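Participant: In the numbering used here, the protein residues as written are 1103 to 1784.
Idealized CB from N, CA, C, for every residue including glycine.
Quick caveat, the model's predicted, so the values are computed rather than measured.
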Ligand code: AMP
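Structure follows, in structure tokens:
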């Protein structure tokens, strides 16, 4: 028999292992040498090994290999394996001696979960389909949630995504008698696995539920049911009368609190026929028709009220229960509450109100946001439920986002998320922006404060408006050419000559990336708007946030290319982020402390000694006086020396609290910015 193969090397990629070796020195004088791979899975504590089992696949095969390489796939994540590569020939069977092999030990890496392979349908009605499924064969970690994507067959461009921590869901609001395609994927700390294959299920036809040939049902049941319905209708009419006696709006909302069980009769006021049909028309008219998904500027309507009713559904105020005030918008309070529509379960909503005493223009501008929002249908765009215009107060009702606006949420949870979670947020925002740019809508005010985040950490783009958007935004400043612009978030060409495009939205997206990765830090800190414009014009850019993966900072810099045609498009950003999420090891390379310094907004100039007379004075000024002694003892006794401090130095000095590291590094950066822009003589 041949001697053992030699110099085996391995290459591990997540849960795949590639092995390569050189043929044996001694072939046994024969030409029929082939190779066999034995696979053993070993316990890292006991050292005991067992055979790998049949789930491992060998490419091209396990035995009779003619080439000197093989690939094993579908191994378990985070597992020690030993592979024995044995050379055999026609007489190996006859050999009573020990097998001749070379062995290789490897440990597999983290990997995304394998696809969900079996999905079963549960209860099916004319409007809903319930599903259940099995955990993936190889979860490769703890499954955090599932993402269920579904769409009407042949309508793939318009899909819905539901997230679920359980292995069951019910998709409702579906069309009767229609086929829907479902795909499911699991998410672990390593990111999303691949989607399952497509599963097709059909809702029951409308005639089944409404069928009149149910003559077998005992008459008595029918009459009791009819009686109950009649009674309910009478109560409904009585209540409806009392609602109008008291004036609709807040009073009726409060009534909804008092009689929560009676809100069952609520629906869209236009929905005289089957409410599902209504919904279908609505979608067909504006969004769901493939190929006609373009944004229509409500300004093109002579009558703005017509635009609102074209794009937004009218909701009866009595369907809304106001619970509490959660924020203040330009036009009035923003509240949380609940919406109960006919045939649907009550669900939480946000309600924007138009304060009393509004002018006609304010009403138009307020409802303008609904006219825009109502045209969008995407999981990363805030979803409009409808408007209340027929009673006062006028309201815009949207889905409720439990965690509020993204900037405040991140500031409140500084340092609490994994990089993958942050990238997941960014991916959502990019996906929403891709949808908007595909629709031909330019946002103009993309910033973390205008992103909302829900309890599943799904980010959605919000704050749509016409001219009013920028007028509302406290960050927007008047430019010399007129018009208000949120300078820190806006591309230079949009500031200089109001060239707002999806490419200028990409610039703003880069700033949002920076805000997210620095947990809500204010871009350019306390620099004045004028200084920001000047610095950006001169080619300076924001430095990398702390502990930021290099790939993400590079993407930010790409978004901030001066030439707008060189910036990435939103679909490219989405694919890039997807790639990073699928391959989390690519996020491990951080922008290191020293390159953070060289990437500063400013040149490499020492801080100087003007602004603060001593290190102690500086540290006191930023409330970090407790570190003065440590700085002095370690040779950072002058401001010039302090200018060279890197994040690693800070850690070495024992400044371990992230908040303190940030304060010190940001103050240093700020001083350098001011120096270069000549604003503060240091
Ligand atoms: P806006 O006028 O849209 O900027 O809203 C003002 C504030 O109300 C926001 O900053 C959020 O804190 C809150 N808010 C607005 N819409 C929602 C929503 N759909 N869900 C939860 N909070 C919201």
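What are the uninterrupted segments assigned as beta strand (DSSP E) that are 3 or more residues long and contained completely in the region 1244-1322, given in chain order?
Facilitator: 1247-1254, 1262-1266, 1270-1273, 1281-1290 and 1301-1304
Participant: In chain order, which alpha helix (DSSP H) runs of at least 4 residues are fully inside the region 1439-1476?
Facilitator: Runs of the alpha helix (DSSP H) spanning 4 or more residues and lying entirely within the region 1439-1476 occur at 1462-1475, in chain order.
Participant: Per DSSP, what are the beta-bridge partners of residue 1727 in this structure?
Facilitator: By one-based count along the chain shown, residue 1727 stands at place 625. For residue 1727, which the question treats as bridged, DSSP gives no partner whatsoever.
Participant: My output table needs one value for residue 1110: the three-state DSSP class, helix, strand or coil.
Facilitator: Taking the first residue of the chain shown as 1, we reach residue 1110 at position 8. Strand.
Participant: Cβ of residue 1502 within 7 Å of any heavy atom in the ligand FMN?
Facilitator: As far as ligands go, the structure on display features the ligand AMP and does not contain the ligand FMN.
Participant: So, with DSSP's three-state summary, where would you put residue 1717?
Facilitator: One-based indexing of the chain shown puts residue 1717 at position 615. In the structure shown, residue 1717 sits in a helix (DSSP, three-state: H, G or I).
Participant: Taking a contact to mean a Cβ-Cβ separation below 8 Å, would you say residue 1768 touches residue 1609 in this structure?
Facilitator: As a first step, residue 1768 must be located in the chain shown, where it is residue number 666. As a first step, residue 1609 must be located in the chain shown, where it is residue number 507. Cβ atoms of residue 1768 and residue 1609: not closer than 8 Å.
Participant: Given residue 1546, which residues of its chain have a CB within under 6 Å of its CB, disregarding the five upstream and five downstream residues?
Facilitator: Start at 1 with the first residue of the chain shown, and residue 1546 comes out as number 444. Correct list, in chain order: 1602.
Participant: Measure the CB-CB distance between residue 1447 and residue 1438 and report whether it falls below 8 Å.
Facilitator: The residue you call residue 1447 lines up with position 345 of the chain shown. The residue you call residue 1438 lines up with position 336 of the chain shown. The Cβ-Cβ distance between residue 1447 and residue 1438 does not fall below 8 Å.
Participant: Output the distance between the C-alpha atoms of residue 1622 and residue 1649, rounded to the nearest integer angstrom.
Facilitator: Taking the first residue of the chain shown as 1, we reach residue 1622 at position 520. Taking the first residue of the chain shown as 1, we reach residue 1649 at position 547. Cα-Cα distance, rounded: 14 Å.
Participant: Between the C-alpha atoms of residue 1477 and residue 1652, what's the straight-line distance to the nearest angstrom?
Facilitator: By 1-based counting over the chain shown, the position of residue 1477 is 375. By 1-based counting over the chain shown, the position of residue 1652 is 550. Cα-Cα distance, rounded: 37 Å.
Participant: Tell me which residues share the same chain as residue 1683 and place their Cβ nearer than 8 Å to its Cβ, disregarding the 5 neighbours each side in the sequence.
Facilitator: As a working note, residue 1683 is residue 581 in the chain shown. Closer than 8 Å at the Cβ level, and outside the excluded window around residue 1683, lie 1293, 1294, 1522, 1525, 1526 and 1529.
Participant: Does at least one heavy atom of the ligand AMP sit under 7 Å from the Cβ of residue 1483?
Facilitator: Taking the first residue of the chain shown as position 1, residue 1483 is located at position 381. No, since every heavy atom of the ligand AMP falls outside the 7 Å radius drawn around the Cβ of residue 1483.
Participant: By the DSSP assignment, the beta strand (DSSP E) with residue 1123 in it spans what residues?
Facilitator: Against the chain shown, residue 1123 aligns to sequence position 21. Run containing residue 1123: 1118-1124, per the beta strand (DSSP E) assignment.
Participant: Assign residue 1429 to one of two classes, buried (16 or more other C-beta atoms within 10 Å of its C-beta) or exposed (fewer than that).
Facilitator: As a first step, residue 1429 is located in the chain shown; it is residue number 327 there, counting from the start. Exposed.
Participant: CB-CB under 7 Å to residue 1106, same chain, minus the five flanking residues each way: which ones, in chain order?
Facilitator: Walking along the chain shown from the start, residue 1106 turns up at place 4. The residues are 1126, 1189, 1202, 1203 and 1204.
Participant: Does the structure place the region 1172-1188 close enough to the region 1124-1141 that three or more beta carbon pairs sit under 8 Å?
Facilitator: yes
Participant: Would the beta-carbon of residue 1717 fall within 8 Å of that of residue 1747?
Facilitator: As a position in the chain shown, residue 1717 is number 615, starting the count at 1. As a position in the chain shown, residue 1747 is number 645, starting the count at 1. No, the pair does not count as a contact, with Cβ atoms beyond the cut-off.
Participant: Taking 7 Å as the cut-off, does the CB of residue 1429 come closer than this to any heavy atom belonging to the ligand AMP?
Facilitator: Residue numbering aside, residue 1429 sits at position 327 when the chain shown is read from its first letter. Flag set: Cβ of residue 1429 near the ligand AMP.
Participant: Who pairs with residue 1676 in a beta bridge, going by DSSP?
Facilitator: The residue given as residue 1676 occupies position 574 in the chain shown. According to DSSP, which records beta bridges pairwise, residue 1676 is partnered with nothing at all.
Participant: Rounded to whole angstroms, how far is the Cβ of residue 1419 from the Cβ of residue 1489, which I believe are closer than 8 Å?
Facilitator: Here residue 1419 refers to the residue found at position 317 when the chain shown is read from its first residue. Here residue 1489 refers to the residue found at position 387 when the chain shown is read from its first residue. Not really, about 11 Å apart at Cβ, beyond 8 Å.
Participant: What separation, rounded to the nearest whole angstrom, lies between the Cα atoms of residue 1157 and residue 1195?
Facilitator: Taking the first residue of the chain shown as position 1, residue 1157 is located at position 55. Taking the first residue of the chain shown as position 1, residue 1195 is located at position 93. Cα to Cα, the separation comes out at about 27 Å.
Participant: Along the chain, where does the alpha helix (DSSP H) that runs through residue 1750 open and close?
Facilitator: Sequence index remark: in the chain shown, residue 1750 carries index 648 (1-based). 1749-1754 is the span of the alpha helix (DSSP H), which, as asked, contains residue 1750.
Participant: If you follow the alpha helix (DSSP H) that residue 1407 is part of, which residue opens it and which one closes it?
Facilitator: One-based indexing of the chain shown puts residue 1407 at position 305. Residue 1407 -> alpha helix (DSSP H) spans 1406-1413.
Participant: Within its chain, find whatever has a CB closer than 7 Å to the CB of residue 1132; leave out the 5 residues flanking it on each side and keep chain order.
Facilitator: Within the chain shown, the letter at position 30 stands for residue 1132. The answer, listed in chain order, is 1191 and 1192.
Participant: Beta carbon of residue 1563, beta carbon of residue 1538: below 8 Å?
Facilitator: What you label residue 1563 is simply residue 461 of the chain shown in a count that begins at 1. What you label residue 1538 is simply residue 436 of the chain shown in a count that begins at 1. Contact flag set, yes.
Participant: With distances taken Cα to Cα, identify the nearest neighbour of residue 1445 among 1669, 1412 and 1274.
Facilitator: Sequence index remark: in the chain shown, residue 1445 carries index 343 (1-based). Measuring from the Cα of residue 1445, the nearest candidate turns out to be 1274.
Participant: On the DSSP bridge assignment, give the partners of residue 1430 in chain order.
Facilitator: Taking the first residue of the chain shown as position 1, residue 1430 is located at position 328. Note: residue 1430 sits in a beta bridge opposite 1435.
Participant: Could you tell me if residue 1453 is buried or exposed, where buried requires 16 or more neighbouring beta carbons within 10 angstroms of its beta carbon?
Facilitator: Counting from 1 along the chain shown, the entry for residue 1453 is found at position 351. Burial call: buried.
Participant: When the Cα atoms are used, what is the spatial distance from residue 1689 to residue 1434?
Facilitator: Against the chain shown, residue 1689 aligns to sequence position 587. Against the chain shown, residue 1434 aligns to sequence position 332. Straight-line Cα distance between these residues: approximately 42 Å.
Participant: Could you give the distance in angstroms between the alpha-carbon of residue 1473 and the alpha-carbon of residue 1632?
Facilitator: Here residue 1473 refers to the residue found at position 371 of the chain shown. Here residue 1632 refers to the residue found at position 530 of the chain shown. For residue 1473 and residue 1632, the distance between alpha carbons rounds to 35 Å.
Participant: Taking only the alpha-carbon atoms, compute the straight-line gap between residue 1168 and residue 1279 and give it to the nearest angstrom.
Facilitator: Here residue 1168 refers to the residue found at position 66 when the chain shown is read from its first residue. Here residue 1279 refers to the residue found at position 177 when the chain shown is read from its first residue. Roughly 55 Å separates the two Cα atoms.
Participant: Starting from the Cα of residue 1210, find the closest Cα among 1243, 1227 and 1237 and give me that residue.
Facilitator: Counted from its first residue, the chain shown places residue 1210 at position 108. Nearest C-alpha to residue 1210: 1243.
Participant: Spatial neighbours of residue 1220 within its chain, please: CB distance less than 7 Å, with the 5 preceding and 5 following residues excluded, ordered by chain position.
Facilitator: As a working mapping, residue 1220 is identified with position 118 in the chain shown. Once the five neighbours on either side are set aside, the close Cβ partners of residue 1220 are 1235 and 1236.
Participant: Does the beta-carbon distance from residue 1284 to residue 1233 come in below 8 Å?
Facilitator: The residue labelled residue 1284 in the question sits at position 182 within the chain shown. The residue labelled residue 1233 in the question sits at position 131 within the chain shown. Yes, these two residues count as a Cβ contact at 8 Å.
Participant: By Cβ distance below 6 Å, which residues in the same chain neighbour residue 1727 in space, the five residues on each side in sequence not counted?
Facilitator: In the chain shown, residue 1727 corresponds to position 625, counting from 1. Same-chain partners within the cutoff: 1721.
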